[in-house]
Amino acid sequence: MDVLGVGFDPITLDQAVERVAGWIDGWDGDSPPRQVVTVNPEGVMLARRHSRLADVVRRADLVTADGIGVVMASAWMGTPLPERVTGADLAERLLAVAQCRGWRVYLLGASSASLGGALAELGRRFPDVQWHGRHGYFDELGEKEIVEEIVRIRPHLLLVGMGAPRQDLWIAAHRDLPAGVAMGIGGTIDVWSGMVKRAPVFWRRLRLEWLYRLLRQPSRIRRQLALPRFAVLAWTAGLGKRRKNGH
Ligand code: UDP
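In the working numbering, the protein residues as written are 814 to 1060.
See below:
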């Protein structure tokens, strides 16, 4: 379903978990990964002027609405997406499946301290998962080592938390690596390590997670400036569609 040029899969969180788990269950242990991209309003705006990113999103195997803004915009346009499926929520649910299946999971991203904290915490919560990982600040040599490590490990799930769009471009540029599914997870490694707190349920229920994050990290304001522009564009596009349909 198209939202301002980005094609989203109309899928719920439960369905996304099922689809990704199905891909991993059917993976031969050798083939290149399916790519999952979660796109928020900032991502939609970025893809409009970043042709390489637009290409990556177009070729991805699953594209979900990361944020209530995308879900609302899809409704204005008359093609409502069922719900938001964030990278953090999808990754968390997939780890529960990974625990049951004993998958190999590779985390790539965040600072060394944050990654270490996340691996320790996740190791406690999901002890049957085979954990691997590297921090997300590497040079060319470091990248070579990461690639070699992934080739050796052949993770079922490759979770890349280097922020959008860097993580999604990185995955696309390494599509020949052996992994079941690769997906970008933004700042989720920092949430697992406890370095960044997710909005309390109260804020999330009010659909104000974005405001909570902005208040805690005011430096995000620059990125969030894309939101009003996204809203105006989506509303106008929806209005045009409704007029055309005579509503
Ligand atoms: N990051 C990284 N390598 C980089 C730049 C960023 O690993 O070169 C990490 C950073 O430490 C943080 C995450 O990427 O853990 C970005 O988090 P953010 O919340 O900004 O991502 P978003 O979900 O908003 O895209």
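Here a beta-carbon is modelled for each residue, glycine too, at the ideal position from N, C-alpha and C. None of these values were measured; they are calculated from a predicted model.
Between the CA atoms of residue j and residue i - distance to the nearest angstrom
| i | j | result |
| --- | --- | --- |
| GLY839 | GLY882 | 33 Å |
| THR1001 | ALA904 | 9 Å |
| GLY856 | PRO978 | 7 Å |
| VAL823 | GLY880 | Residue identity check: residue 823 is Pro in the sequence provided, not Val. Taking the straight line joining both Cα atoms gives about 14 Å. |
| LEU1052 | TYR919 | 44 Å |
| VAL884 | ASN1058 | 21 Å |
| ILE998 | VAL869 | 16 Å |
| LEU866 | ARG1035 | 20 Å |
| LYS957 | VAL973 | 16 Å |
| TYR950 | GLN980 | 12 Å |
| TRP800 | ARG1029 | Here the chain covers residues 814 to 1060 and nothing more, so residue 800 does not appear. |
Three-state secondary structure (DSSP) of residue i
| i | result |
| --- | --- |
| TYR950 | coil |
| GLY856 | helix |
| VAL876 | strand |
| ALA995 | strand |
| GLN1037 | helix |
| GLN828 | helix |
| ASP941 | coil |
| ARG1018 | helix |
| VAL1009 | coil |
| ASP841 | coil |
| LEU921 | strand |
| GLN848 | strand |
| LEU907 | helix |
| GLY974 | strand |
| GLY835 | helix |
| VAL960 | helix |
| GLY1059 | coil |
| ASP822 | coil |
| ASP1003 | helix |
Nearest-angstrom beta carbon gap, residue j and residue i [assumed within contact, 8 Å]
| i | j | result |
| --- | --- | --- |
| GLU896 | THR825 | 5 Å |
| LEU875 | ARG832 | 7 Å |
| ALA931 | TRP1005 | 4 Å |
| ILE963 | LEU982 | Contact flag wrong, Cβ pair sits at about 16 Å. |
| TRP1023 | GLN1037 | 7 Å |
| ALA992 | ARG965 | Contact flag wrong, Cβ pair sits at about 12 Å. |
Where residue i falls, given that 16 or more other Cβ within 10 Å makes a residue buried
| i | result |
| --- | --- |
| THR877 | buried |
| PRO1041 | exposed |
| ARG947 | buried |
| ARG847 | buried |
| ALA834 | buried |
| PRO1031 | exposed |
| LEU921 | buried |
Is the region 931 to 946 in contact with the region 847 to 862, if contact means three or more CB pairs nearer than 8 Å? no
Just checking, does the region 1012 to 1030 make contact with the region 908 to 925 on the three C-beta pairs under 8 Å criterion? no
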